[in-house]
Amino acid sequence: MKILLTGGAGYIGSHTGVELLEAGYDVVSVDNYVNSQPEALRRVEAITGKKVTAYEADVCDKAALERIFEAERPDAVIHFAGLKAVGESVAKPLMYYRNNLDSTLALLETMKKYGCTRIVFSSSATVYGQPEVLPVPETARLGCSSPYGWTKYMIEQILRDEAVADKELSVVLLRYFNPVGAHPSGLIGENPNGIPNNLMPNVLNAASGKMKELKVFGGDYPTPDGTCVRDYIHVVDLAKGHVRAIRYAMEHTGSEAINLGTGVGYSVLDIINSFEKSTGVKVPYVMTDRRPGDIPTVYADPSKAARLLDWRTEKTLDDMCRDSWAFKSRNPNGYEAE
Ligand code: NAD
Ligand code: WQD
Numbered sequence: 001m002k003i004l005l006t007g008g009a010g011y012i013g014s015h016t017g018v019e020l021l022e023a024g025y026d027v028v029s030v031d032n033y034v035n036s037q038p039e040a041l042r043r044v045e046a047i048t049g050k051k052v053t054a055y056e057a058d059v060c061d062k063a064a065l066e067r068i069f070e071a072e073r074p075d076a077v078i079h080f081a082g083l084k085a086v087g088e089s090v091a092k093p094l095m096y097y098r099n100n101l102d103s104t105l106a107l108l109e110t111m112k113k114y115g116c117t118r119i120v121f122s123s124s125a126t127v128y129g130q131p132e133v134l135p136v137p138e139t140a141r142l143g144c145s146s147p148y149g150w151t152k153y154m155i156e157q158i159l160r161d162e163a164v165a166d167k168e169l170s171v172v173l174l175r176y177f178n179p180v181g182a183h184p185s186g187l188i189g190e191n192p193n194g195i196p197n198n199l200m201p202n203v204l205n206a207a208s209g210k211m212k213e214l215k216v217f218g219g220d221y222p223t224p225d226g227t228c229v230r231d232y233i234h235v236v237d238l239a240k241g242h243v244r245a246i247r248y249a250m251e252h253t254g255s256e257a258i259n260l261g262t263g264v265g266y267s268v269l270d271i272i273n274s275f276e277k278s279t280g281v282k283v284p285y286v287m288t289d290r291r292p293g294d295i296p297t298v299y300a301d302p303s304k305a306a307r308l309l310d311w312r313t314e315k316t317l318d319d320m321c322r323d324s325w326a327f328k329s330r331n332p333n334g335y336e337a338e
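Position one of the sequence shown corresponds to residue 1 (our numbering), numbered consecutively onward.
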């Protein structure tokens, strides 16, 4: 069975490629490398000993997509491709709406033309905005606080509408919480272009001396230690969730939104402590003002994923920190030069 990954060279796409290949699927990647490098796919091949068919193309380019579908005839698609920096989306909303929405529309139209009826989509816990209930269930009220978040919200709606109109379509909307960690081989991991926004890449930069110190954004939140609480999930657990979602999509039609998280919240200081304990490396940090827009506490209710996908996370916070550090230590300049 052949699975087409849009954004297959990215952080989550590359880890999912490994898990799919190891589960016996064929993998095709379509990526324009706007936030990744083809080297990630070579490393997926090195880890698995299996081939990835890679196309360099913009998913917004429908003619290119049609050529790829004509040649590959995929059985299902996982749609990772998208721009994902929250702050950048506030500064450049049109770029985000154009890229994330156009790519999805072109993909859906091409899937329809070629009779491909199974799609798993990378949504995000950001669609919950400030949650009213914790842990957050999929039934929680939705509302976003950035153009990036609204692209996820709108794409979810487009996919749900399409699943109502086309009874053969199967849509799985995976709402990821906070993916961190790397493949235990140390060969693939998160390799953001430019200055990172997320916590773990900044922890790694502070630990490696690339950055003087980590800025902890706010120590006066209504949480046990005053720093924000999130549901960090190991990217390998997340990747395995996609294999389960593909299996589910093959057997069902209609649409389902499913949280992928651990169900446990950890604070920024918990991350620093776990990192130092599991790696033996100090993380110099300084408390600063709150970052505008941050929500004090968010963590998932992952029971629907357990029920529908028979999926649960297995990795610990220490695993997440240790594996992130192993990738960073082995690839101090990312994929550029090993
Ligand atoms: P990433 O940037 O590493 O991967 C996205 C990939 O898509 C990159 O390889 C990029 O080059 C490619 N891409 C972007 N626009 C494209 C286009 N028009 N045509 C072809 N390729 C294109 O990000 P990631 O962390 O792997 O995230 C994957 C998906 O999961 C994204 O949709 C993201 O919004 C979503 N998500 C990520 C997180 C997170 O914290 N990492 C959380 C929730 C949801
Ligand atoms: C985590 C915590 C920060 C950096 C974002 C997106 C979300 C999803 C995941 C895509 C917060 C604190 C961070 C730093 C810090 N992505 N922090 N110093 O904001 O929960 O979620 O990424 O869908 O949509 O909004 O993740 O990693 O940015 O922050 O203290 O240098 O770490 O304040 O409490 P966030 P994050």
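Beta carbons: idealized from backbone N, C-alpha and C, even for Gly. For clarity, every value in this text was computed on a predicted model and none was experimentally measured.
- Thr262 places its beta carbon 9 Å or farther from that of Tyr285.
- Residues Ala9, Ala54 of the same chain have their beta carbon placed closer than 7 Å to that of Pro38, with the five preceding and five following residues left out of the count.
- The three-state reading of DSSP puts Gly254 in strand, counting E and B together.
- A residue is called buried when at least 16 other Cβ atoms come within 10 angstroms of its Cβ; Arg291 does not meet this threshold and is exposed.
- Leu269 and Ser324 have their C-alpha atoms spaced approximately 17 Å apart.
- The C-alpha of Val86 lies about 15 Å from the C-alpha of Gly143.
- Here the region 160 to 178 lies against the region 116 to 124, with 3 or more beta-carbon pairs under 8 Å apart.
- If you ignore the 5 residues before and after Lys113, its C-beta comes within less than 8 Å of the C-beta of Glu66, Phe69, all in its own chain and listed in chain order.
- Not one heavy atom of the ligand NAD lies closer than 8 Å to the C-beta of Ile3.
- Going by DSSP, His15 is part of the alpha helix (DSSP H) stretching over 11 to 22.
- In the structure shown, Thr297 falls within a strand segment according to DSSP collapsed to helix, strand and coil.
- Distances from the CB of Phe217 to the heavy atoms of the ligand WQD include at least one below 8 Å.
- A distance criterion of 8 Å places the beta-carbon of Ala125 in contact range of the ligand WQD, judged by its closest non-hydrogen atom.
- Per the coordinates, the alpha-carbon of Val264 lies some 8 Å from the alpha-carbon of Arg230.
- Within the region 177 to 243, complete alpha helix (DSSP H) segments of at least 4 residues are found at 199 to 208, given in chain order.
- Sequence-distant Cβ neighbours of Asn205 in its own chain, meaning closer than 6 Å and more than five residues away, are Met211.
- Within its own chain, the residues whose Cβ lies closer than 6 Å to the Cβ of Ala182, once the five positions on either side in sequence are excluded, are Gly189, Asp323, Ser324, Phe327, listed in chain order.
- The C-alpha of Ala63 is placed about 10 Å away from the C-alpha of Ala57.
- Gly49 and Met111 have their C-alpha atoms roughly 29 Å apart.
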